[in-house]
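Residue numbers (the working numbering): 49 to 517. Below is one structure, written out as structure tokens, with a few remarks after it.
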Amino acid sequence: MPKVDPGYLNKNGKALILLESVIIVISMIMTMELTSYVFEKPFTSQELIFNTFYIVFSFMFAAQFFALALGLYSRECREDFLGISQRFLLSFLLAFLLVIVGLAVLENQKGYEPSLFMSAAVSCSIICFLRYQLLNFVVAHSFKKRILVLGAGKRASIIERRMRREVDRRQVEIVGFVRFDGDCEEELCRDKLLTLEGSVDQFAQKHNIEKIVVACDERRNNVPYEALSKCKLKGIDIVDILSFVEHETDQLAIDLIYPGWVIYSQAFQGPTRMNAFYHRVFNTILAFCILLFSWPFLILAIIGIKIEDGLLASVFYQQVRVGLNGQLFTIYKLRSMRENAEAGGAVWAKENDDRTTVVGRFIRKYRVDELPQLYNVIKGDMGFVGPRPERPEFVEQLAVKIPFYNERHHVKPGLTGWAQLRYPYGASETDALEKLKFDLYYVKNRSYLFDLLILLRTIEIVIFSKGSR
């Protein structure tokens, strides 16, 4: 499977993880050494020194695991200093509890709790302060890659639409768009339209252009190949608009995709039999483990449904969904709506849907209603990561209106997915199109690392109840 470098684990994110990991280790060791004298347990023996290093590194890995899961290294993270501090505090608290439980299980506590708590608090304060300084530094000093777009028509307008938010442009600066013959008339920002004086390579050198995106509507007799060759020899990146949109926005520009691109792309490849077997085993084991820890929440939800709707009310809800290669299967959920809520036929879920019950709204908010789908994972109908399965009625409509919609059925549907992390809850054909852009990005770039990072980020979705309706 292809390698993937998702947006929340790009080069800057990796550097930040490494830097903050080092800071956590150093600050905790120094604080624990100082507090050891306060609590009259100084570092004197090799065993004590070894245990301290063991605890510190265990805490660091746990804290960084939770920080990654809470989106603190995501390039699309839009939290201010207060939001970032709250997430770091939560990740450090969870790491502290995890390490304490681990020490208790290993019967190796030996009074480490006070010094561990103090060192974790100091480390968290330092990390939050450094993040605050980093945010101010990034705002004050722009370190963005300068981009020149060749084209100012329909294809080029996709860049402006997809990167309209400030968070989308944190790492890039669109210097301007150059209009060519054949470009459709599109509403682009007027101050971004450029008229080149001289050749493209001369303009690029004069204005410190680091990347050129070829996005003209009509390439024939328009693309200045000789000038672009000179730019490439000077170290300037040359990319087409499909690659640029994919890399910068973590989605595919469906309206620009053509069948040949899908066929010849190196990334659109199915798993080998061995990989499929390993994936199946991993999903089954993980499903049993989650079921082992989550059954009390499942029982409480069932009791809540019975209390609200009566002892004779049905608890589980089942629907037919479209799975791998278009095969139909039955999906199971806890019932969160009134009984016979769809007596008139299948309809899209709505925001603040009046068909949901009181208990239903709560279990939807924290995804408890999805727990019965662990049975679908164990059966092999679904995996943990993949496009969310849709109903046949909707698939039939969407496949006619949206190009390449059925490409999402080349992988198993999942409990969570890239689209669920990057786009709000969908409730219309327009939402389905937007989510498909992320689903196809996942299908194209899926890997074990990508799946793992999606699972980690799903923790953020559950804790902060994002995207639920």
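Positions of the beta carbon are idealized from the N, C-alpha and C atoms, including for glycine. Fair warning: this is a prediction, and the values are worked out from it, not measured in the lab.
Asked                                                                                                                                  : Found
Buried/exposed call for residue 55, threshold 16 Cβ in 10 Å                                                                            : At residue 55, the pLDDT of 49 sits below 50, so the modelled position is not reliable; the number obtained from the coordinates is stated separately. When all chains shown are included, residue 55 counts as buried.
Length of the line joining the Cα atoms of residue 459 and residue 467                                                                 : 14 Å
Residue 320, DSSP secondary structure in three states                                                                                  : coil
Nearest neighbour of residue 309, chosen from 145, 243, 288 and 411 [CA to CA]                                                         : 288
Residue 454 versus residue 374: straight-line alpha-carbon distance, rounded                                                           : 8 Å
Host beta strand (DSSP E) of residue 366 (start-end)                                                                                   : 364-370
Contacts around residue 510, its chain only, beta-carbon distance under 8 Å, and the 5 residues preceding and following it disregarded : 414 and 415
Per-residue DSSP class, three states only, for residue 211                                                                             : coil
Proximal residues to residue 450 (C-beta, below 7 Å), its chain only, five neighbours per side dropped                                 : 480, 481 and 484
Enclosing alpha helix (DSSP H) for residue 441 [first to last residue]                                                                 : 440-449
Backbone CA spacing between residue 223 and residue 122 [nearest angstrom]                                                             : 25 Å
Extent of the continuous beta strand (DSSP E) run through residue 459                                                                  : First-last for residue 459: undefined, no H or E at that position.
Through-space distance from residue 383 to residue 502, alpha-carbon basis                                                             : 26 Å
Rounded straight-line distance, which links the Cα of residue 151 to that of residue 110                                               : 14 Å
With 16 other Cβ atoms within 10 Å as the buried cut-off, status of residue 203                                                        : buried
Proximity winner among 476, 490, 163 and 477, relative to residue 470 (alpha-carbon distances)                                         : 490
CB-CB length for residue 197 against residue 225, believed under 8 Å                                                                   : 5 Å
Element boundaries [alpha helix (DSSP H), containing residue 470]                                                                      : 466-470
The beta strand (DSSP E) enclosing residue 128, as first and last residue numbers                                                      : First-last for residue 128: undefined, no H or E at that position.
Selected residue, minimal CA-CA separation from residue 439, among 423, 276, 452 and 457                                               : 457
Cα-Cα separation between residue 98 and residue 113, rounded to whole angstroms                                                        : 22 Å
Opening and closing residue of the beta strand (DSSP E) in which residue 225 lies                                                      : 220-226
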